[in-house]
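Novice: Everything in the sequence shown is counted per the numbering used here, starting at 44 for the first residue and increasing by one. C-beta: ideal position from N, C-alpha, C; glycine also. Before anything else, here's the structure in question.
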Amino acid sequence: MTPFALIALIPALPLLAALLITLLHLAGPARGEAGERLTARITLLASGFGLLTLLGLDVLAARAGPPGQVWLADWFTSGALKLPLSFTLDGLALGFATLVAFIALVTLKFSVNYMHREAGFHRFFIGMNLFTAGMALIVLAGNAALAFVGWELAGVSSWMLIGYAFERGTATTNAQRAFITNRVGDAGFLLGIALAALWLGSLDWKEMATGARNLPTLYVGLMALGFVTAALAKSAQVPFSPWIARALEGPTPSSAIFYGAVMVHAGVYLVIRLQPILVHTPGVMALIALIGLLTALYAWIVGYAQSDVKSALLFATLTQVGLMFLECGLGLFDLAAWHMALHATWRAWQFLAAPSYMHLLRAPTPPAPAWLRRCPRLYTAALQRFWLESLADRLLTRPTLAMARDMRAIDDNVVSRLVGMPEAQRAAALLDERDNNAEVVKGRGLAGGLLLWVAQRCDRFEQHLVLQGGGGRLGDGMRRLGDWLKWVETLLEQPRYLLLLVMATLVVIL
Numbered sequence: 044m045t046p047f048a049l050i051a052l053i054p055a056l057p058l059l060a061a062l063l064i065t066l067l068h069l070a071g072p073a074r075g076e077a078g079e080r081l082t083a084r085i086t087l088l089a090s091g092f093g094l095l096t097l098l099g100l101d102v103l104a105a106r107a108g109p110p111g112q113v114w115l116a117d118w119f120t121s122g123a124l125k126l127p128l129s130f131t132l133d134g135l136a137l138g139f140a141t142l143v144a145f146i147a148l149v150t151l152k153f154s155v156n157y158m159h160r161e162a163g164f165h166r167f168f169i170g171m172n173l174f175t176a177g178m179a180l181i182v183l184a185g186n187a188a189l190a191f192v193g194w195e196l197a198g199v200s201s202w203m204l205i206g207y208a209f210e211r212g213t214a215t216t217n218a219q220r221a222f223i224t225n226r227v228g229d230a231g232f233l234l235g236i237a238l239a240a241l242w243l244g245s246l247d248w249k250e251m252a253t254g255a256r257n258l259p260t261l262y263v264g265l266m267a268l269g270f271v272t273a274a275l276a277k278s279a280q281v282p283f284s285p286w287i288a289r290a291l292e293g294p295t296p297s298s299a300i301f302y303g304a305v306m307v308h309a310g311v312y313l314v315i316r317l318q319p320i321l322v323h324t325p326g327v328m329a330l331i332a333l334i335g336l337l338t339a340l341y342a343w344i345v346g347y348a349q350s351d352v353k354s355a356l357l358f359a360t361l362t363q364v365g366l367m368f369l370e371c372g373l374g375l376f377d378l379a380a381w382h383m384a385l386h387a388t389w390r391a392w393q394f395l396a397a398p399s400y401m402h403l404l405r406a407p408t409p410p411a412p413a414w415l416r417r418c419p420r421l422y423t424a425a426l427q428r429f430w431l432e433s434l435a436d437r438l439l440t441r442p443t444l445a446m447a448r449d450m451r452a453i454d455d456n457v458v459s460r461l462v463g464m465p466e467a468q469r470a471a472a473l474l475d476e477r478d479n480n481a482e483v484v485k486g487r488g489l490a491g492g493l494l495l496w497v498a499q500r501c502d503r504f505e506q507h508l509v510l511q512g513g514g515g516r517l518g519d520g521m522r523r524l525g526d527w528l529k530w531v532e533t534l535l536e537q538p539r540y541l542l543l544l545v546m547a548t549l550v551v552i553l
């Protein structure tokens, strides 16, 4: 077996560390302040050994040349589609993976003292280990499906650590905002995977690049657009920018590695990885350049209006990431790669030093520049972050949360009763005591009349057949069928579902 097969250890070690810490926490040794040393040792050993392994592979690659694709085993096969457990070991992947491993080790070492005596110390390190594994998969994966696994690991760990202080409503709300926004990007990633499987018959990065040459430009553009949407959302480009400012709710070390140094660059890395595909779609390249330019201008102006150090650093980061997308859109992929590596290193140090800035600075924070203060409207827009956050809440976050509440209502009032859960049985008993002969529904319009007719037929069946025959639970279920249908009708009347149907129709048409 080739020595490069050791690359599988890079994502596996932090995953095993997260699993081990979880088991030890459940068993007892890794709990409270007494267990902090054990959790820290497991994490640092996994991260340190991973970095040493990567450095060894870097030396081998420097001597014999990078091997390109390393195939380890078959993952799964479905028809003509075969997915191997493979890794990409070219100069870009090895270089950025080593940088990610180094920044992760430094951040984790910093976190040991920073998070000392925190109630969620062990939970924090579980999330950080999951994130390290996810980023390793994103960078080193040999195919889009394996990269998507890392994409989701990074997203879930980000959600966990934004909501680290879950006892505060602000933390959980901001975690929801980030989670919901990134699901839009995940949908784009899945679309790109589906189209690549359909049109190219492979999800291997190298084979996708080769097959894209023989596809019509429209097909290549649609496939690339799915992946680019995921990249824009993960790197918080306009119009997905609002979530990242709220993500600073998490502890400073997680902010440093997530939104200052590593995860915010994941979208840029994906675009660079897609270079052989994107060069065949000048329209998508132009879109990337335009969005990168808009994001850089947006973050540059908004950054002048920030009054706290972490927000100022975040918008400075967003400005630089926007410039990286602009460079990619202009075809300067090598420049974007160097820009990404240098910026990640510099910004990681700045975020980790952020808690000390208040003590290091001997002068007050400078005000916004005079040219911005002379434009009251622009300055107000910068203070309000161009109202993108409120717009995202209104169009995306609130409808999604409302839909979740409706699904919970369906689960409590329909599904639980169907499976005969105890709380549903108690609720049914209360309804029986209140009024067994209550009117089921009051229909409105054609749909309401139809539902009323169905409910009346069900009620008649229940009264004349089921109850007289001693139907037991079946009788109770039929008697409440009208109520369940009323729930469905009420949900379908909500404006948010009409909006979702319109959006789905537009997606199908496009």
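For a quick check, are the C-beta atoms of residue 304 and residue 248 less than 9 Å apart?
Specialist: Stepping through the sequence shown from its first residue, residue 304 is reached at position 261. Stepping through the sequence shown from its first residue, residue 248 is reached at position 205. Contact flag unset, no.
Novice: Can you confirm whether the stretch 268-287 touches the stretch 328-344 when touching is taken to mean that 3 or more C-beta pairs between the two stretches lie within less than 8 Å?
Specialist: yes
Novice: Under 8 Å, with one C-beta from each stretch per pair, do the stretch 130-139 and the stretch 151-171 reach the 3-pair mark?
Specialist: no
Novice: Classify residue 292: buried if its beta carbon has 16 or more other beta carbons within 10 angstroms, exposed otherwise.
Specialist: Here residue 292 corresponds to residue number 249 of the sequence shown, with the count starting at 1. Sixteen is the threshold: when 16 or more other Cβ atoms of the shown chains lie within 10 Å of the Cβ of residue 292, as they do, the residue is buried.
Novice: I believe residue 328 touches residue 372 by the beta-carbon criterion, under 8 Å. Please report the beta-carbon distance rounded to the nearest angstrom.
Specialist: Reading the sequence shown from its first residue, position 285 is the one you call residue 328. Reading the sequence shown from its first residue, position 329 is the one you call residue 372. Correct: roughly 5 Å between the Cβ atoms.
Novice: Using only the heavy atoms of the ligand ADP, determine whether one of them is closer than 8 Å to the beta carbon of residue 293.
Specialist: Within the structure as shown, the ligand ADP is missing, as the structure has no ligands at all.
Novice: When you compare the CB positions of residue 300 and residue 171, do they come within less than 9 Å of one another, or not?
Specialist: For the purposes of this step, residue 300 is taken as the residue at position 257 of the sequence shown. For the purposes of this step, residue 171 is taken as the residue at position 128 of the sequence shown. The beta carbons of residue 300 and residue 171 sit closer together than 9 Å.
Novice: Once the 5 residues before and after residue 378 are set aside, which same chain residues still bring their CB inside 6 Å of it?
Specialist: In the sequence shown, counting from the first residue as 1, residue 378 sits at position 335. 370.
Novice: With DSSP as the reference, label residue 454 as helix, strand or coil.
Specialist: Numbered from 1 along the sequence shown, position 411 holds the residue referred to as residue 454. Residue state, collapsed to three classes: helix.
Novice: Is it true that the stretch 218-238 meets the stretch 144-154, where meeting means three or more beta-carbon pairs spaced less than 8 Å apart?
Specialist: no
Novice: Can you check the stretch 164-232 for any alpha helix (DSSP H) of at least 4 residues that lies completely inside it and give the ranges in chain order?
Specialist: 164-183 and 187-205
Novice: CB-CB under 8 Å to residue 87, same chain, minus the five flanking residues each way: which ones, in chain order?
Specialist: On the sequence shown, position 44 is the one that residue 87 refers to. Non-local C-beta neighbours of residue 87 in its own chain, meaning closer than 8 Å and more than five positions away in sequence, comprise 148, 151, 152 and 155, ordered along the chain.
Novice: DSSP on residue 45, reduced to helix/strand/coil?
Specialist: What you label residue 45 is simply residue 2 of the sequence shown in a count that begins at 1. Three-state result, residue 45: coil.
Novice: Ordered along the chain, which non-local residues of its own chain (more than five positions away) have a Cβ less than 6 Å from that of residue 273?
Specialist: Taking the sequence shown and counting its residues from 1, the one referred to as residue 273 is at position 230. Same-chain partners within the cutoff: 228, 231 and 232.
Novice: Quick test of your reading: residue 142 and residue 388, contact by CB under 8 Å. State the CB separation rounded to the nearest angstrom.
Specialist: Position 99 of the sequence shown, counted from the first residue, corresponds to residue 142. Position 345 of the sequence shown, counted from the first residue, corresponds to residue 388. Right, their Cβ atoms sit about 7 Å apart.
Novice: Assuming residue 57 and residue 157 make a contact with CB atoms under 8 Å, what is their CB distance in whole Å?
Specialist: Your numbering for residue 57 matches position 14 in the sequence shown. Your numbering for residue 157 matches position 114 in the sequence shown. Between residue 157 and residue 57 the Cβ distance is about 19 Å, and since that is not below 8 Å, they are no contact.
Novice: Based on Cα-Cα distance, which residue from 211, 376, 392 and 428 lies nearest to residue 284?
Specialist: Taking the sequence shown and counting its residues from 1, one reaches residue 284 at position 241. Nearest of 211, 376, 392 and 428 to residue 284, Cα basis: 428.
Novice: Near residue 181, what residues of its chain come up, given a Cβ to Cβ distance below 8 Å and the 5 sequence neighbours on each side ignored?
Specialist: Indexing the sequence shown from 1 puts residue 181 at position 138. 190, 193, 194, 197, 309, 312 and 313.
Novice: Within the same chain, show all residues whose beta-carbon is closer than 7 Å to that of residue 468, passing over the 5 residues directly before and after it, in chain order.
Specialist: If you number the sequence shown from 1, residue 468 lands on position 425. Caution applies to residue 468, whose pLDDT of 49 falls short of 50 and renders its modelled position unreliable; the value that the coordinates give is listed next. No residues qualify anywhere along the chain.
Novice: Roughly how many angstroms separate the alpha carbons of residue 250 and residue 384, rounded to a whole number?
Specialist: Within the sequence shown, numbered from 1, the residue matching residue 250 stands at position 207. Within the sequence shown, numbered from 1, the residue matching residue 384 stands at position 341. The straight-line gap from Cα to Cα measures roughly 26 Å.
Novice: Under DSSP, the beta strand (DSSP E) around residue 392 begins and ends at which residues?
Specialist: The residue you call residue 392 lines up with position 349 of the sequence shown. In the DSSP assignment, residue 392 falls outside any beta strand (DSSP E) and lies within the alpha helix (DSSP H) extending over 376-403.
Novice: Going along the chain, which residues of its own chain have a beta-carbon closer than 8 Å to the beta-carbon of residue 322, five neighbours each way excluded?
Specialist: One-based indexing of the sequence shown puts residue 322 at position 279. Cβ within range, chain order: 328 and 374.
Novice: Taking its Cβ as the centre, do 16 or more other Cβ atoms sit within 10 Å of residue 47, making it buried, or is it exposed?
Specialist: If you number the sequence shown from 1, residue 47 lands on position 4. With at least 16 other beta carbons inside 10 angstroms of its own, residue 47 counts as buried.
Novice: Could you check what DSSP says for residue 154 in three-state terms: helix, strand or coil?
Specialist: As a working mapping, residue 154 is identified with position 111 in the sequence shown. In this structure, residue 154 counts as helix in the three-state DSSP scheme.
Novice: For the alpha helix (DSSP H) that residue 281 lies in, which residues bound it at each end?
Specialist: Locating residue 281 in the sequence shown gives position 238, where the first residue counts as 1. Where residue 281 is concerned, there is no enclosing alpha helix (DSSP H), given that its DSSP letter is neither H nor E.
Novice: By the 10 Å Cβ neighbour count, where 16 or more other Cβ atoms means buried, how is residue 119 classified, buried or exposed?
Specialist: As a first step, residue 119 must be located in the sequence shown, where it is residue number 76. Under this definition residue 119 is an exposed residue.
Novice: With distance defined between alpha-carbon atoms, name the residue in 343, 352 and 176 nearest to residue 364.
Specialist: Stepping through the sequence shown from its first residue, residue 364 is reached at position 321. Out of 343, 352 and 176, 343 has the C-alpha closest to the C-alpha of residue 364.
Novice: Would you call residue 434 buried or exposed, if buried means 16 or more other Cβ atoms sit within 10 Å of its Cβ?
Specialist: Reading the sequence shown from its first residue, position 391 is the one you call residue 434. Residue 434 is exposed by the Cβ-count criterion.
Novice: Using the Cα positions of residue 333 and residue 72, report the straight-line distance between them to the nearest angstrom.
Specialist: Against the sequence shown, residue 333 aligns to sequence position 290. Against the sequence shown, residue 72 aligns to sequence position 29. Rounded to whole angstroms, residue 333 to residue 72 spans 53 Å at the Cα level.
Novice: Taking residue 333 as part of the beta strand (DSSP E), name the residues at either end of that continuous run.
Specialist: Within the sequence shown, numbered from 1, the residue matching residue 333 stands at position 290. Not the beta strand (DSSP E): residue 333 falls in the alpha helix (DSSP H), residues 325-346.
Novice: Check the DSSP bridge columns for residue 114 and list the partner residues they point to.
Specialist: Translated into positions along the sequence shown, residue 114 becomes position 71. Looking at the DSSP assignment, residue 114 forms a beta bridge with 129.
Novice: Where do the ends of the alpha helix (DSSP H) carrying residue 427 lie?
Specialist: Your numbering for residue 427 matches position 384 in the sequence shown. Here residue 427 belongs to no alpha helix (DSSP H), and DSSP marks it neither H nor E.
Novice: Label residue 102 either buried or exposed according to how many other C-beta atoms from any shown protein chain fall within 10 Å of its C-beta, with 16 as the threshold for buried.
Specialist: Locating residue 102 in the sequence shown gives position 59, counting from the first residue. Exposed is the call here.
Novice: Is DSSP giving residue 124 helix, strand or coil here?
Specialist: Here the question's residue 124 lines up with position 81 in the sequence shown. Reduced to three states, the DSSP call for residue 124 is strand.
Novice: Please classify residue 351: does DSSP put it in a helix, a strand, or coil?
Specialist: Numbered from its first residue, the sequence shown carries residue 351 at position 308. Reduced to three states, the DSSP call for residue 351 is coil.
Novice: By Cβ distance, which residues of its chain are closer than 7 Å to residue 260, with the 5 residues on each side in sequence left out?
Specialist: The residue labelled residue 260 in the question sits at position 217 within the sequence shown. Closer than 7 Å at the Cβ level, and outside the excluded window around residue 260, lie 323 and 324.
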